[in-house]
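> Okay, here's the structure, questions in a sec.
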């Protein structure tokens with residue numbers, strides 16, 4: 029009889045322990061509803077990635093990382109190991125898990141640079157070399173970064189946070205992650221999600237701005253054919269840009285250097301195997317690691333607050349200002365050039381660096397008014413100039429605030 | 304902060320304007336070289352035009368035509384000799400009868 033009582037006690041105790049350790053009980057504890065909200069947000073992002081195909085290659089791992097980190101009890105990611113903006117190596121060695129180790133790539137700025145090698149090897153700088161004036165449009169589009177920097181400061185964010193929020197206006201995911209990991213790592217989750225969401229929404233955000241700032245006559249401007257760029261020029265370009273920018277702004281060297289290394293691999297034509305690897309295998313592996321670890325930083329505590337709402341609102345302002353800046357500068361440039369050399373202002377909005385989506389939007393909007401007007405190659409110039417411009421802007425912010 | 308933003312933006316602009324000048328200079332050098340090459344090759348081609356006699360030209364055209372026609376004829380005959388053959392069904396060449404059937408679950 030006593031043996032039966034003992035075993036029934038053991039069963040009750042074991043069940044009690046099981047219920048205590050189960051994640052479900054955390055939902056009913058104080059503040060447990062936050063986990064449910066975050067799981068719902070993660071599922072919504074998964075839906076956007078799978079059903080709506082909004083940047084699925086990155087949004088899917090980000091959303092799943094977010095889901096993993098918000099499962100109470102699972103303890104997939106330990107934000108305390110990276111508290112105070114530094115890595116606590118001893119604790120990491122003792123209790124770090126897979127996602128903690130993967131996050132090191134973000135924290136140490138490794139993943140954004142590796143992604144830039146891949147981006148460089150997929151980018152053709154030919155249109156920019158053929159028409160260097162595109163650099164001006166790429167520079168003008170960076171106004172969104174600095175305007176939002178001021179806007180964030182007015183809302184009470186610290187200077188470092190302002191820099192990280194402003195960089196969303198560059199519409200460049202890796203650059204945003206690189207800068208935020210250095211300046212304000214606690215904002216990494218919301219900023220990465222804002223940056224990639226707005227990049228996916230380029231075809232929705234940009235056309236109304238482009239149409240509002242241009243006349244129908246301007247939208248129909250045909251641009252002259254770009255000159256042919258020789259292979260030697262394409263090989264020299266990445267080397268020259270790396271030397272000049274790295275000497276002027278050493279803090280921009282990691283991003284610009286990696287971008288140009290990838291491009292040199294593609295253009296030189298003697299390392300095809302390496303070029304294909306960075307375009308495919310390396311890029312895909314890094315995207316998986318980056319997505320999961322960035323998503324994992326979006327914990328309920330860091331995500332569910334007014335700051336996140338402000339970041340999302342400021343992000344869209346940054347993006348819109350950048351698009352408008354490029355269009356307005358193109359219009360200004362048209363005042364000083366002769367009739368045959370006018371620029372179609374629609375290509376100005378491509379100065380934000382969402383490659384090649386922003387250039388495609390310029391082409392699509394242009395063709396709505398003149399079916400035989402092909403703006404894609406002309407828009408690729410400011411588009412790739414925007415990539416260089418946002419990397420330079422990140423370097424400047426890092427030099428000022430880092 | 305306003306000053307930081309303004310200076311930051313101006314530096315971005317200045318760096319990219321500097322790159323424009325560098326790229327323009329590079330473009331000027333390369334387009335000049337390219338033009339010189341094109342002019343040189345045009346001159347060589349012109350000289351070659353005179354070097355080839357009319358008889359040689361006619362011989363080259365005739366040879367090319369001959370090769371083209373003979374090649375065409377060979378391919379044509381190849382195509383014509385291939386006929387589609389349809390085989391009637393026979394239990395001797397049937398795969399169904401040659402392979403072990405899976406046991407049926409009842």
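Chains as they are written, first to last, in our numbering: chain A, 29 to 430; chain B, 304 to 409. Even for Gly, the Cβ is constructed at its ideal location relative to N, Cα and C. Predicted model, so just to flag it, every value in this text is computed and none were measured.
(1) Identify the contact partners of residue 166 of chain A in chain B, using a Cβ-Cβ distance below 8 Å as the criterion.
(2) Is residue 187 of chain A close to chain B? Criterion is C-beta to C-beta, closer than 8 Å.
(3) Let me check understanding here. Comparing Cα to Cα, which of A/88, A/120, A/358 lies closest to residue 372 of chain A?
(4) Which word fits residue 285 of chain A, buried or exposed, when buried means at least 16 other C-beta atoms lie within 10 angstroms of its C-beta?
(5) Does DSSP classify residue 406 of chain A as helix, strand or coil?
(6) Can you give me, in chain order, the residues of the region 247-267 of chain A that have a beta carbon less than 9 Å from any beta carbon in chain B?
(7) Along the chain, where does the alpha helix (DSSP H) containing residue 48 of chain A start, and where does it finish?
(8) Report all residues from its chain with a CB closer than 8 Å to the CB of residue 259 of chain A; omit the five preceding and five following residues, and keep chain order.
(9) Do the region 306-320 of chain B and the region 201-220 of chain A make contact, defined as three or more Cβ pairs closer than 8 Å?
(10) Taking the alpha carbon of residue 268 of chain A as the point to measure from, which residue in A/288, A/108, A/386 has its own alpha carbon closest?
(11) Where does residue 110 of chain A sit, in a helix, a strand or coil, going by DSSP?
(12) Report all residues from its chain with a CB closer than 6 Å to the CB of residue 95 of chain A; omit the five preceding and five following residues, and keep chain order.
(13) State yes or no: is the beta carbon of residue 364 of chain B nearer than 8 Å to at least one beta carbon in chain A?
(14) Just to confirm, are residue 414 of chain A and residue 166 of chain A a CB contact at a threshold of 8 Å?
(15) Within 8 Å (strictly less), CB to CB, does residue 63 of chain A reach chain B?
(16) In chain order, what are the residue ranges of uninterrupted beta strand (DSSP E) at least 3 long that sit wholly in the region 157-198 of chain A?
(17) Please name the residues in the region 304-326 of chain A whose beta-carbon is closer than 7 Å to at least one beta-carbon of chain B, in chain order.
(18) Check whether the Cβ of residue 276 of chain A lies closer than 8 Å to any Cβ atom in chain B.
(19) For a cutoff of 8 Å on Cβ pairs, would you count residue 308 of chain B as touching chain A?
(20) If you draw a straight line from the alpha carbon of residue 179 of chain A to that of residue 204 of chain A, how long is it in whole angstroms?
(21) Run through chain B and tell me which residues come within less than 7 Å of residue 425 of chain A, C-beta to C-beta.
(22) Which complete alpha helix (DSSP H) runs does the region 288-329 of chain A hold, if anything under 4 residues is left out?
(23) Just the chain A side, please: which residues come within less than 9 Å of residue 338 of chain B by C-beta, in chain order?
(24) Answer yes if the region 151-159 of chain A comes into contact with the region 128-139 of chain A, meaning at least three C-beta pairs across the two stretches below 8 Å, and no otherwise.
(25) Counting pairs of Cβ atoms below 8 Å between the region 62-69 of chain A and the region 30-40 of chain A, do you hit three or more?
(26) Are the beta-carbon atoms of residue 343 of chain A and residue 168 of chain A separated by less than 8 Å?
(27) With a cut-off of 8 Å, does the C-beta of residue 331 of chain A fall near any C-beta of chain B?
(28) Examine the Cβ distances between the region 376-391 of chain A and the region 402-410 of chain A and report whether three or more of them are shorter than 8 Å.
(29) Between A/395, A/271, A/349, A/281, which lies nearest to residue 246 of chain A when the distance is taken from Cα to Cα?
(30) Quick one: which chain A residues come within Cβ less than 7 Å of residue 315 of chain B?
(31) Whose CA, out of A/428, A/59, A/399, A/304, lies closest to the CA of residue 150 of chain A?
(32) Along the chain, where does the alpha helix (DSSP H) that runs through residue 400 of chain A open and close?
(33) Between residue 341 of chain B and chain A, is there a C-beta pair that is closer than 8 Å?
(34) Kindly indicate which three-state DSSP category residue 314 of chain B falls into: helix, strand or coil?
(35) Taking C-beta to C-beta, are residue 320 of chain A and residue 130 of chain A nearer than 8 Å?
Checking against the coordinates, here is how it stands:
(1) Per Cβ cutoff of 8 Å: 319.
(2) Yes, residue 187 of chain A counts as interfacial toward chain B.
(3) Closest option to residue 372 of chain A, Cα to Cα, is A/358.
(4) It counts as buried.
(5) Reduced to three states, the DSSP call for residue 406 of chain A is helix.
(6) Here the close residues are 255, 256, 257, 258, 260, 261, 264, 265.
(7) Looking at the DSSP string, the run of the alpha helix (DSSP H) that includes residue 48 of chain A is 30-49.
(8) 295, 297.
(9) No, the region 306-320 of chain B is not in contact with the region 201-220 of chain A.
(10) Minimum Cα-Cα distance from residue 268 of chain A among the listed residues A/288, A/108, A/386 corresponds to A/288.
(11) If DSSP states are grouped into helix, strand and coil, residue 110 of chain A belongs with the helices.
(12) 70.
(13) Not closer than 8 Å to any Cβ of chain A, the Cβ of residue 364 of chain B fails to qualify, so no.
(14) Yes.
(15) Closer than 8 Å: no.
(16) The qualifying runs do not exist here; there are none.
(17) Listed in sequence order: no entries.
(18) For residue 276 of chain A, the answer is yes, since a Cβ of chain B falls inside 8 Å of its Cβ.
(19) It does: the Cβ of residue 308 of chain B has a partner Cβ on chain A nearer than 8 Å.
(20) C-alpha separation (whole angstroms): 17 Å.
(21) Correct list: 311.
(22) List check, alpha helix (DSSP H) in window: 300-305, 311-324.
(23) Those within 9 Å of residue 338 of chain B in chain A number zero; the least Cβ separation is about 11 Å.
(24) Contact between the region 128-139 of chain A and the region 151-159 of chain A is absent, with fewer than three C-beta pairs closer than 8 Å.
(25) Verdict: no, contact absent.
(26) Against a cut-off of 8 Å, the Cβ pair of residue 168 of chain A and residue 343 of chain A comes out as no contact.
(27) Not one chain B Cβ lies under 8 Å of residue 331 of chain A.
(28) Taking a contact to require three or more Cβ pairs closer than 8 Å, the region 376-391 of chain A and the region 402-410 of chain A qualify as touching.
(29) For residue 246 of chain A, the closest C-alpha among the options A/395, A/271, A/349, A/281 is that of A/395.
(30) Within chain A, the residues 167, 170, 417, 420, 421, 424 have their CB atoms less than 7 Å from the CB of residue 315 of chain B, given in chain order.
(31) Distances from the alpha-carbon of residue 150 of chain A to those of A/428, A/59, A/399, A/304 put A/304 closest.
(32) DSSP places residue 400 of chain A in no alpha helix (DSSP H); its state is neither H nor E.
(33) It does not; no Cβ of chain A falls within 8 Å.
(34) The DSSP-derived three-state label of residue 314 of chain B is helix.
(35) Going by beta carbons, residue 320 of chain A and residue 130 of chain A fall inside the 8 Å limit.
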